[in-house]
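A short worksheet on the structure shown next.
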Amino acid sequence: MSRIGGRETGASGTSKQLQREQDGGTADQAQREQERNLKELLEWFRHNDKLPKEIDPLLLRRFYQCMFGDVEETRKLIEVNYALRNRHPHLFIRRDPLDADSRRTFDYADILPLPGITPDKCKVSLYCFRDFEASKMHHTEDTRAFFMVSDCRFVTPDDLANPEVLSEGEVQIFDMKGTTMRHISRLTISTLRAYIKFLQLAFPVRLRAIHMINCPTYLDRIVSVVKPFISEEVFKLIRFHTQSIDTLYEFVPREMLPEEYGGGAGSLEALRTHTQKALVENRDYLMDPDHWVVVKPEKRNESSWRFFK
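According to the UniProt record's numbering, the sequence shown holds residues 1 to 309 in order.
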């Protein structure tokens, strides 16, 4: 199952009331089914040797929604997600939002989930440079910071005005202003492979679109470097805005964007402060091995044996 991508009523009041009752009953049934399935998935998660000990309830809901409520497909996605995390612990597990590497990333680049969701219920995130000096780019550390922000967002309501409503897709905006071939030369191929693979196979949200804005004239050279690592399915989601940022407004509501991009969502500084505050508040969660580390059965047994010696 891919992760990439009102009724008429009768004229009488009785018919309209009957329709409302039927719709309400259907919604109640769907809600009860979701609750049963999530409870079943939680039990399965906690007794699965291929998974960590704990999972945040909101994150579990995201996995379930990402797979359109299919329990078996949700299980597969969850196992792939944690398998890849533990295969690349330097990106997903050994991390701290307050350490020197993270501070270096956040000092020169912005990784910002934008407030609210689009009319078609998509969450939008913005990525841009604050400092264009290529020597400040450290691709592996920057990728680790990206996943910390993502993991923090996944346990935070998408829309504070409607906390129970989950986004139904992910829209990413990459501002390429200041990007040079020196930046591209600093990419680490193994990190790029891991990032793309996780995005394509294990992300707990459905990727709907990737917008590249402020594209440089040598865009074709940049694309030639990264395209071999991107599936055709994902590449089709990328839109390159080469003339003006105005074309972005056709896809993302202007009011959701920062002031610096002609929007009404507040300044980049305010959004940055909010994101950093959320990272600090979730620091223990991001660093808690019980939520991320898969302990192999033989290691568990060995630890238990040592304990009783």
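Idealized CB from N, CA, C, for every residue including glycine. Treat the numbers as computed from the prediction; the structure is a model and nothing was measured.
1) Taking 7 Å as the limit between beta carbons, can you name the residues of its chain near isoleucine 230, skipping five residues before and five after?
2) State the CB to CB distance for the pair isoleucine 173 and histidine 211, rounded to an integer number of angstroms; the pair is presumed to be in contact (CB under 8 Å).
3) Check leucine 268 in the structure and name its three-state DSSP category.
4) Quick one: what does DSSP say lysine 123 is sitting in, helix, strand or coil?
5) So for histidine 211, helix, strand or coil by DSSP?
6) Got a sec, what are the start and stop residues for the beta strand (DSSP E) histidine 88 sits in?
7) At the level of alpha carbons, what is the spacing between leucine 268 and arginine 239?
8) In chain order, which alpha helix (DSSP H) runs of at least 4 residues are fully inside the stretch 125-168?
9) Could you name each continuous beta strand (DSSP E) segment of 3 residues or more that falls completely within the stretch 47-115, going from the start of the chain to the end?
10) For threonine 242 and asparagine 282, I'd like the C-alpha separation in whole angstroms.
11) Thinking C-beta only, is serine 167 closer than 8 Å to aspartate 158?
12) I need the straight-line Cα distance from tyrosine 218 to aspartate 120, nearest angstrom please.
13) May I have a chain-ordered list of the alpha helix (DSSP H) segments no shorter than 4 residues that lie completely inside the stretch 169-208?
14) Return the residue from the list Asp288, Val226, Ala30, Glu133 that minimises the CA-CA distance to tyrosine 108.
15) Per DSSP, which residues does arginine 239 bridge with? Please list them.
16) Alpha carbon to alpha carbon, how far is aspartate 56 from methionine 67? Give it in angstroms, no decimals.
17) If you check the beta carbons only, do valine 252 and valine 171 fall under 8 Å apart?
18) Alpha carbon to alpha carbon, how far is glutamate 8 from serine 244?
19) What are the start and end residues of the alpha helix (DSSP H) that includes arginine 283?
20) Please list the terminal residues of the continuous alpha helix (DSSP H) segment that includes serine 244.
21) Taking all protein chains shown into account, decide if glutamate 72 is buried (16 or more other Cβ within 10 angstroms of its Cβ) or exposed.
Result, derived from the coordinates:
1) Ile196
2) 5 Å
3) helix
4) Three-state DSSP puts lysine 123 in a strand.
5) strand
6) If you look at histidine 88, you'll find it isn't in any beta strand (DSSP E); DSSP assigns it neither H nor E.
7) 23 Å
8) Listed in chain order, they are 139-153.
9) 109-113
10) Each residue's Cα considered, the two are about 37 Å apart.
11) Yes, they are a contact pair.
12) 33 Å
13) Counting only runs of 4 or more, we get 181-185, 189-201.
14) Glu133
15) His211
16) 17 Å
17) yes
18) With a pLDDT of 34 at glutamate 8, under the threshold of 50, the modelled position of this residue cannot be trusted, and the question is left open.
19) 283-287
20) Segment: none, serine 244 is in no alpha helix (DSSP H) and carries neither H nor E.
21) exposed
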